[in-house]
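Read the structure below first, then the notes.
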Amino acid sequence: MKRILFALTIALGLNASAGISADKAMAKFVYPGNKTVSVAAPEYLADSDVMVRMSDDGKRIVSVSPSDGKELETLLDLGATRENKLDEIDGFTISMTGKQIMVWTNQEPIYRNSVKARYWVYDTHSRILRPLVDDANARQRAPIFSPDGRMVAFASADDNNIYIKKLDYNTLVAVTEDGARNKILNGVPDWTYEEEFGVLRSMVWAPDNLTLCFLKYNETQVPLYDFPLYEGICDTNEDYSLYPGSFRYKYPVAGMKNSKVSLHAYDIETRATKNITLPDSRIEYIPRIDYAFSPDRLIVTTLNRDQNRMELYSVNPRATTSRSLFVEENAKGWIEPISYEGLVFTPDFFVVSSGRSGFTQLYQYGYSGALERTLTNGNCDVTAYYGYSTAERAHYYQCASGTINRVICRIDAKGVVKELSPSTGTADAWFSPTMKWMMMRYSNVNTPPRYTFHTSAAAPKSLRTVEDNAEVASRYSDIPRREFVKIPASGTSPELNAYIVKPTPFDASKKYPVIMYQYSGPGSQEVRDRWTVDWENYYATQGYVIVCADGRGTGYRGSEFRESVYRNLGYLETIDQLSAARYAASLPYVDPSRIGMFGWSYGGYETLMSVAAKGNPYKAAVAVAPVTDWRYYDTVYAERYMLTPAQNEAGYRSSAPVNNIADMNSRLLIMHGTADDNVHFSNTVEYISRLLAAGKFCDMFIFPNQNHSIRDCDMRLMVYSRMLDYFNQNLR
């Protein structure tokens, strides 16, 4: 894993690089482990204020006091278990009763966030440790304890079926039998749901332990996609030494058929499964199912295919009846993911995030479906809802104060809002189940993340510092920093949030080359007051000015700004990036003849759109893993912003880099991993085909067997080393 992969370079041009080595001096800037010490989100025993964590030696799971961080007792000692012994574990979770602990080993990634592993259950009374499945080669996915801790439901990574382990009897019961790779998934999502809805588990236990509800994904009619795998020398696979292998999976591109998703309820006592049919034929997606503190109240969240209508149903799984509980529609755009991802249910009400007012705000609804209270208002987007304290009668949330900051707030029963974190910078929070304790992570552009514990009352008391990253602050004390600016409105482009990183040492009398960096995706944000150390800081030490601007379509400036790109991605973003580039060119210390551009993923897409704009100032550009036609991308993401190709043929045509070649005259480097399961390598192939047909060329750098992140075996360092070399060739 420490060896550097020899990356194949394909030069489609006259001035391809003769080959370089990785810039080792850049390593401390681009590797996350070198940047800060991260503290994991705290875990608690259910409905309590007692924390649990691994001991420092990794051999015990212990309970901890939040107030002082001291160990209270050992819950599991790997050296003292009965029946089975484990030298180490990859992680753990504890049942709601606290009497059982599930640990896992042999963890392997599946896609971006999903994993499979071998799971074990430990009984804290008997100290017996047993595998969930006896077969040592079997792997499980997404296991979940029943509320009483006496059962575990899980999906088999081998056959896509759901099983229940009854811990009292050490027996295994099959819930489904129709699972099959690339056909049927039970209880775990398909690729699209995981990638675009963030779903990792699609099964929930009833509070009375008598029912397991789950989703079934029938992807039989979803087209297969496959890409080659090579022997390589990064995680070498000798099976492919002479002939490439391949990876095949279901990937629906825009306009194609999705998985058919259905809802089912399994009765623990009768072992019968009931099919639950929802009444609206417009339902295309079910991104969430949640029990809301009652066995006859399963909340099913649904979306139509256009993703501009969200409806919640309250379902009685045993009676298989349902009623509409809540509807949200957006005639001007799409339902923002926070609306369904951020749903929070309490015993008496639920809280919804909605952009109906023009900014994302919080609304409290009763289970009758009636609006009980508008919790927040104003011209500030709420970015997270943390929960409700019954003791304090207060809600806790995060908002984008001043658009580039993140502030933790508390609103009480009288509507009084109290800021619990500084008004500038970025604060995130994790609360105990009772909302009594809060761990806060705070940083700003000059301060690395500081993790502290607090009480969460109206006047929060700071209890202790978990990590202040003082060593990190010292190590990076002299690096170039971001300076936040407002780019003035110009033509049709509005005022834009931006930052500039200047070279060190900086000489105002010099004329420096500029790299314009952006991501630009809908709802995203790059310009934020938080600690970052990355390639841009190192490039500034090499004599580059870095400028980044968040154009229209990006987040946290209200719905109108974000939704302005609807049905026509790439058009307004390009206008705004050109406005930002003209602003950069006007700076007295910038050489306007040496402007470059860089972006990754959506940022790579926008880079290709920008270098094809008439009169653009970009002398050179680098696009990593770019989308080159939204018809090649997955249904959920592409159609959320563009609808289907049949509904928006002109929009798809004008927004595709493959159709915008004529005015592309910049030096261009494209980098892509051949095993990218997100933005397929074929995007790059098709773009280059259009370049060749137009008599144009670009440079290319391929990363064999690398996925969308391109990070294995020092590859992230290679990406930024190759990019620096390319800009040095063309902007110096």
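No gaps in the numbering here: position 210 of the sequence shown is 209 in numbering that gives the first Met the number 0, and each next residue is one more. Ideal placement from N, C-alpha and C gives every residue a C-beta, glycine not left out.
Segment limits, alpha helix (DSSP H) that includes residue i
| i | result |
| --- | --- |
| W333 | Counting along the chain, W333 falls outside any alpha helix (DSSP H), and DSSP gives it neither H nor E. |
| A584 | 570–585 |
| R561 | 558–562 |
| A797 | Because the chain is modelled from 0 through 731, residue 797 falls outside the range shown and cannot be assessed. |
| Y162 | Per DSSP, Y162 belongs to no alpha helix (DSSP H); it is in the beta strand (DSSP E), 161–165. |
| N727 | 714–730 |
Where residue i falls, given that 16 or more other Cβ within 10 Å makes a residue buried
| i | result |
| --- | --- |
| D713 | buried |
| L7 | Only weak support exists for where L7 lies, its pLDDT of 38 falling under 50; the value from the coordinates is given anyway. Counting Cβ neighbours within 10 Å, L7 comes out exposed, since fewer than 16 surround it. |
| P521 | buried |
| K331 | exposed |
| A271 | exposed |
| V326 | exposed |
| D329 | It is Asn, not Asp, that sits at residue 329 in the sequence shown. N329 should be labelled buried. |
| N14 | In this predicted model, N14 has a pLDDT of only 43, less than 50, meaning its place in the structure is not dependable; the value taken from the coordinates is given anyway. Per the 10 Å Cβ criterion, exposed. |
| K618 | buried |
| G598 | buried |
| N160 | buried |
| N257 | buried |
| R126 | exposed |
| Y168 | exposed |
| F358 | buried |
| Y366 | buried |
| N706 | buried |
| K249 | buried |
Beta-bridge pairing of residue i - partner residues as DSSP gives them
| i | result |
| --- | --- |
| N706 | According to DSSP, N706 bridges with nothing at all. |
| P227 | S245 |
| C547 | Y498, Y516 |
| C212 | V203, A264 |
| Y183 | Note on identity: in this sequence residue 183 is Ile, with Tyr being the wrong assignment. Looking at the DSSP assignment, I183 forms a beta bridge with A179, N217. |
| F735 | The question about residue 735 has no answer here: the residues shown for the chain are numbered 0 through 731. |
| W530 | Paired residues: none, contrary to the question. |
| A426 | Y441 |
| F28 | Paired residues: none, contrary to the question. |
| C398 | V381, V406 |
| F325 | L311 |
Given residue i as reference, the closest of the options once Cα atoms are compared
| i | options | result |
| --- | --- | --- |
| D675 | T210, N704, V102 | N704 |
| G354 | G341, Y110, P243 | G341 |
| Y384 | A390, G377, C398, T373 | C398 |
| R710 | E70, S62, R111, S20 | R111 |
| N496 | T531, V546, I514, Y537 | V546 |
| S681 | A624, M53, A428, Y518 | A624 |
| L302 | D549, V657, E525, L311 | L311 |
| G490 | Q576, E335, N443, H394 | Q576 |
| T389 | I109, T423, G254, K435 | K435 |
| G244 | W103, F226, E218, Q139 | F226 |
| D279 | P251, S323, E268, D55 | S323 |
| T300 | S293, R317, F292, L262 | L262 |
| R556 | S54, P286, D295, T382 | T382 |
| E572 | Q517, D698, D89, H124 | Q517 |
| P206 | I143, L166, A173 | I143 |
| N105 | I594, A135, Q99 | A135 |
| A291 | V314, D86, K84 | V314 |
| K613 | N664, Y604, A173, Q646 | N664 |
| Y387 | F348, V406, Y538, W629 | F348 |
| G178 | A539, T219, M101 | T219 |
Bounding residues of the beta strand (DSSP E) (the contiguous stretch that carries residue i)
| i | result |
| --- | --- |
| I687 | I687 -> not in any beta strand (DSSP E); alpha helix (DSSP H) instead, spanning 681–692. |
| F452 | 446–454 |
| Y537 | Run containing Y537: none in the beta strand (DSSP E); it sits in the alpha helix (DSSP H), 534–540. |
| W190 | Run containing W190: none in the beta strand (DSSP E); it sits in the alpha helix (DSSP H), 190–196. |
| S442 | 436–443 |
| M150 | 150–155 |
| E466 | 461–466 |
| N169 | Segment: none, N169 is in no beta strand (DSSP E) and carries neither H nor E. |
| R481 | 481–486 |
| R409 | 406–411 |
| P416 | One detail in the question is off: residue 416 reads as Val in this sequence, not Pro. Counting along the chain, the beta strand (DSSP E) containing V416 begins and ends at 416–418. |
beta-carbon residue i near the ligand MG non-hydrogen atom, thresh 7 angstroms
| i | result |
| --- | --- |
| M101 | Although the ligand MG was asked about, the structure shown includes no ligands whatsoever. |
* **Ordered list of beta strand (DSSP E) runs contained in the segment 587–651, each at least 3 residues** => 589–599, 617–623
* Every unbroken beta strand (DSSP E) inside the segment 60–141 [3 residues or more] -> 70–76, 90–93, 99–108, 114–122, 128–130
* Asked: Mind pulling the beta strand (DSSP E) runs of 3 or more residues that sit fully within the segment 284–322?
  -> 297–303, 308–315
* Which full runs of the beta strand (DSSP E) of 3+ residues lie inside the segment 352–392, going along the chain? -> 360–365, 370–373, 381–388
* Asked: Counting only runs that start and end within the segment 30–63, where is the beta strand (DSSP E) found for 3 or more residues in a row?
  -> 50–53, 59–63
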